[in-house]
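Numbering (the UniProt record's numbering), first residue to last: 1 to 274.
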C-alpha cells in the first residue's frame with residue numbers, strides 16, 4: 001500500500017504542472033557547442049563566445065536539502081551535468097543566442113502596461129555575486145524586453161527601459177553553493193523564489209516596452225552584457241504562472257515518475273506550446 005501511495009503522490013506532484021506549456025528547457029548536458037532544447041520546440045541555444053568561454057561537463061547539484069527542496073541522488077543522476085559560464089582568454093563569458101522566437105517574444109505584450117504570464121527557473125552555482133548577472137534576456141538592454149538574473153546576492157527582474165525590480169527579501173546567494181532560482185510574471189506583477197520559497201511580490205514591474213530588435217539569450221542580456229558567472233543547469237520557461245507547489249515539483253522532478261508518465265502522459269504534463 002505504501003508503495004502505491006508513493007506512486008500516486010509522485011503522479012499528482014508531476015501533474016500539478018499539466019496545464020502549463022513548457023516553452024523551453026535546456027538541460028545543459030552537452031559536451032560542447034550549442035545547447036539543445038528538450039521542450040520539443042527546437043529553441044537551440046547557439047554558443048556566442050569563441051574559445052573557452054564555457055566549460056562543459058561540470059558537476060551538477062549535489063544531493064541534499066535546499067530550502068524547501070530535497071534533491072535525491074536519482075534527481076542528481078537525472079540532472080547529469082552542468083555548464084560553467086566561465087571567463088575565457090579575452091575576459092569574455094559565453095552566452096547562448098536563441099534568435100527571436102515568437103514563443104518567447106509573445107509571452108509579454110506592451111498592451112495594458114505589460115500583459116502576459118510566464119515562469120522562468122534554473123539551478124545556479126555562482127562563482128561571483130558582484131554586480132548584475134543575467135540568466136535570461138530579451139529585447140534590447142535598457143530599451144525593450146525583459147531580463148532576469150541576480151543583483152549582488154539577491155534576484156532581479158528588469159523591464160528594459162522601464163524599471164529594475166529586486167526581490168523584496170534578499171536571496172542571500174552564496175559563491176560556490178547551488179541554489180534554485182525562479183520568478184513568475186503575471187500581468188506586470190512579479191514574484192521571486194529561492195529554493196522553493198517565495199522571496200516576495202513586486203506588484204508593479206514598471207510597464208513593458210515591446211521587443212523591437214536583438215536576439216534572446218541566456219547567460220547574459222540580449223546584447224551580451226551583464227553576463228552570468230558560474231555554473232548553470234536545468235533552465236526552464238513555462239508560459240503560465242506556476243504555483244509554489246508547481247515550482248517545487250518542476251525544480252526536482254523525480255526521474256521515476258517522469259519515466260512512468262512519459263509512456264503516455266508526459267505529452268500532457270509538459271505539453272509544448274503549439
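By construction, the Cβ of each residue, glycine as well, lies at the ideal position given by its N, Cα and C atoms.
Since the model is a prediction, treat every value here as computed from it, not as a measurement.
Annotation for residue 156: 132, 149, 150, 164, 165 and 166 place their beta carbon closer than 7 Å to its own, counting only its chain and skipping 5 residues before and after. A contact between stretches requires three or more CB pairs, one per stretch, nearer than 8 Å, and the segment 238-254 fails this requirement with the segment 132-145.
The beta carbon of residue 220 sits closer than 7 Å to those of 95, 134, 137, 226, 227 and 228, all from its chain and outside the five residues before and after it, given in chain order.
At a cut-off of 4 residues, not a single continuous stretch assigned as alpha helix (DSSP H) sits fully inside the segment 149-200. In this chain, the alpha helix (DSSP H) harbouring residue 251 covers 244-251.
As DSSP reads the structure, residue 97 sits in a beta bridge with 46 and 217.
Here residue 75 has 252 as same chain residues with Cβ atoms under 6 Å from its own Cβ, once five neighbours each way along the sequence are excluded. The alpha-carbon separation between residue 238 and residue 183 amounts to approximately 11 Å. By the beta-carbon neighbour count (other beta carbons within 10 angstroms, threshold 16), residue 126 is buried. Residue 121 has 182 and 236 as its beta-bridge partners, per DSSP. Exclusion of the five residues before and after residue 160 leaves 139, 140, 141, 142, 143, 144, 145, 146, 147 and 209 as the residues of its chain whose Cβ lies within less than 7 Å of its Cβ.
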